[in-house]
Ligand SMILES: [Zn+2]
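In structure tokens form, the structure reads like this:
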């Protein structure tokens, strides 16, 4: 990997302040120094042919963004559902995903990887689809840090081509896990795709297999009113409460969306250290999450795009939307303009995502040399006109 030096750049520090006029040195992928830039130092540095120099002037060097919830398998649906009539899940998503092939998944992963890298995202969590091996091979080459799952549902009403038994479902993830977990920058998690499309047998088996391997378990949670009503009508409890009764909740459980939460469910998320994320653009038609209350409880909240079928894979767009939604939904009513400050949102899209991915706390932020020696580049630096984005991981 050699030596890479970014000169005369601005650096986003862990406290969300910006240090201007800095030079960042790396060696074999490890950040070895962040020091003040010295005028004209490029001339001296360029004499060493082993060193790659990047001009960081007028750019910000910051941690890569983490998309905590996306769908590679819906990449080719880009923008197709925006004005579609309900139920999008049953009318569009399921029929579309029933037609996926290894070739389409390879193409989808290539497009998704490009879209993420172009917009400064260097880590992501895929909620699970089909032929994930084809996607995994692409992501391995991309250098992106990814958490992958196989789509997991056993509802009897699913189309034949994607209907599997509980045992077949967990066996698919077992195979994906054995082939790709820990390979390159990839991890594999177990998944409960849509909770109302999973039998109790499948939920328990997926949770059991995840626990045996120390793997993560992810699910779409508390996203739709009909999902809440489904559990209330059948079991007299809400979705998070239902999973608690099954003994499924713990710190390895990833709950995507988390829009429609009761106070008791928020307490349960905190009690079991469940990790959560929101997908602002996708969530707009469903509800406004009580993010301030979640953060106040110390619950991890990341940000996701929910895949390209919604608003594309740019987390910058998601952050702008989230800021507006929080202001209108949570701030205006109490005259609190800073209900969700920009620094907090950036932290959610970086550190929140790494916590969601269960990366160590040190990996995400650019800190001083004492801890920087533990970092290394996990993927290529993403260069946009104004941003140099780096995702680091523990060496
Ligand atoms: Zn989703």
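In the working numbering, the protein residues as written are 7 to 401. Where is the CB? At the ideal position from N, CA and C, for every residue including glycine.
Quick check: the Cα distance between residue 143 and residue 151, rounded to an integer number of angstroms?
By one-based count along the chain shown, residue 143 stands at place 137. By one-based count along the chain shown, residue 151 stands at place 145. The straight-line gap from Cα to Cα measures roughly 13 Å.
Expressed to the nearest angstrom, what Euclidean distance is found between the alpha-carbon atoms of residue 359 and residue 349?
Position 353 of the chain shown, counted from the start, is the residue given in the question as residue 359. Position 343 of the chain shown, counted from the start, is the residue given in the question as residue 349. Whole-angstrom Cα-Cα distance: 14 Å.
Quick check: what's the CA-CA separation for residue 255 versus residue 161?
Along the chain shown, read from residue 1 onward, the residue named residue 255 stands at position 249. Along the chain shown, read from residue 1 onward, the residue named residue 161 stands at position 155. C-alpha separation (whole angstroms): 22 Å.
What residues sit near ligand 1, counting only those whose C-beta is closer than 5 Å to one of its heavy atoms, in chain order?
133 and 312
Identify whether residue 68 lies in helix, strand or coil by the three-state DSSP scheme.
For the purposes of this step, residue 68 is identified with residue 62 of the chain shown, where counting begins at 1. Of the three classes helix, strand and coil, the one that applies to residue 68 here is strand, per DSSP.
Any contact of the segment 273-286 with the segment 24-43, i.e. 3+ C-beta pairs under 8 Å?
no
How far does the beta strand (DSSP E) with residue 193 in it reach, from first residue to last?
In the chain shown, the residue the question calls residue 193 occupies position 187. Taken as a continuous stretch (DSSP letters only), the beta strand (DSSP E) holding residue 193 covers 192-194.
On the criterion of 16 or more Cβ atoms from any shown chain inside 10 Å, does residue 241 qualify as buried, or is it exposed?
The sequence position of residue 241 within the chain shown is 235, counting from 1. Residue 241 should be labelled exposed.
Counting pairs of Cβ atoms below 8 Å between the segment 207-221 and the segment 177-194, do you hit three or more?
yes
Closest to residue 139 by C-alpha separation, out of 185, 132 and 164, would be which residue?
The residue given as residue 139 occupies position 133 in the chain shown. Closest by alpha carbon: 185.
Check whether the segment 310-328 and the segment 282-294 are in contact - that is, three or more C-beta pairs closer than 8 Å.
yes
Please tell me whether residue 71 and residue 149 are closer than 7 Å, where the distance is taken between their beta carbons.
By 1-based counting over the chain shown, the position of residue 71 is 65. By 1-based counting over the chain shown, the position of residue 149 is 143. Cβ atoms of residue 71 and residue 149: not closer than 7 Å.
For residue 346 and residue 339, the rounded distance between their alpha carbons:
Taking the chain shown and counting its residues from 1, one reaches residue 339 at position 333. Taking the chain shown and counting its residues from 1, one reaches residue 346 at position 340. If I take the Cα positions, the gap works out to 14 Å.
Rounded separation between residue 306 and residue 223 - CA only:
Counting from 1 along the chain shown, the entry for residue 306 is found at position 300. Counting from 1 along the chain shown, the entry for residue 223 is found at position 217. If I take the Cα positions, the gap works out to 15 Å.
Using the Cα positions of residue 20 and residue 121, report the straight-line distance between them to the nearest angstrom.
Taking the chain shown and counting its residues from 1, the one referred to as residue 20 is at position 14. Taking the chain shown and counting its residues from 1, the one referred to as residue 121 is at position 115. If you take the alpha carbons of residue 20 and residue 121, they lie about 26 Å apart.
Does the beta-carbon of residue 64 have 16 or more other beta-carbons within 10 angstroms, so that it is buried, or is it exposed?
The residue you call residue 64 lines up with position 58 of the chain shown. Exposed: under 16 other Cβ atoms inside 10 Å.
If contacts are defined as beta-carbon pairs under 8 Å, then residue 402 and residue 190 qualify, I think. What distance do you get, rounded to the angstrom?
With the chain running from 7 to 401 in the structure shown, residue 402 is simply not present.
Compute the Euclidean distance between the alpha carbons of residue 380 and residue 31, then round it to the nearest angstrom.
Residue numbering aside, residue 380 sits at position 374 when the chain shown is read from its first letter. Residue numbering aside, residue 31 sits at position 25 when the chain shown is read from its first letter. The predicted position of residue 380 is uncertain, since its pLDDT is 30 and thus under 50; a value taken from the coordinates is nonetheless stated next. Cα to Cα, the separation comes out at about 14 Å.
Taking the alpha helix (DSSP H) that residue 353 falls in, what are its first and last residues?
If you number the chain shown from 1, residue 353 lands on position 347. Residue 353 -> alpha helix (DSSP H) spans 348-353.
When we look at the beta-carbon of residue 233 and count the other beta-carbons within 10 Å, is it buried (16 or more) or exposed?
As a working note, residue 233 is residue 227 in the chain shown. Its Cβ being crowded by 16 or more others within 10 Å, residue 233 is buried.
CA-to-CA distance, residue 225 to residue 95, given in whole angstroms:
If you number the chain shown from 1, residue 95 lands on position 89. If you number the chain shown from 1, residue 225 lands on position 219. For residue 95 and residue 225, the distance between alpha carbons rounds to 15 Å.
By Cβ distance, which residues of its chain are closer than 6 Å to residue 267, with the 5 residues on each side in sequence left out?
As a working mapping, residue 267 is identified with position 261 in the chain shown. Excluding positions up to five away in sequence, the list reads 228.
Beta-carbon gap between residue 104 and residue 165 smaller than 7 Å:
Here residue 104 refers to the residue found at position 98 of the chain shown. Here residue 165 refers to the residue found at position 159 of the chain shown. The answer is yes: Cβ separation under 7 Å.
Endpoints, the beta strand (DSSP E) within which residue 63 is located
Your numbering for residue 63 matches position 57 in the chain shown. From DSSP, residue 63 is part of no beta strand (DSSP E); its letter is neither H nor E.
Name the residue from 117, 134 and 11 whose alpha carbon lies nearest to the alpha carbon of residue 260.
Walking along the chain shown from the start, residue 260 turns up at place 254. It is 134.
Would you mind sorting residue 11 into buried or exposed? The rule is 16 or more other CB atoms within 10 Å of its CB.
Counting from 1 along the chain shown, the entry for residue 11 is found at position 5. With 16 or more Cβ atoms within 10 Å of its Cβ, residue 11 is classed as buried.
Residue range of the beta strand (DSSP E) that residue 26 falls in?
Taking the first residue of the chain shown as 1, we reach residue 26 at position 20. Element bounds for residue 26: 24-33.
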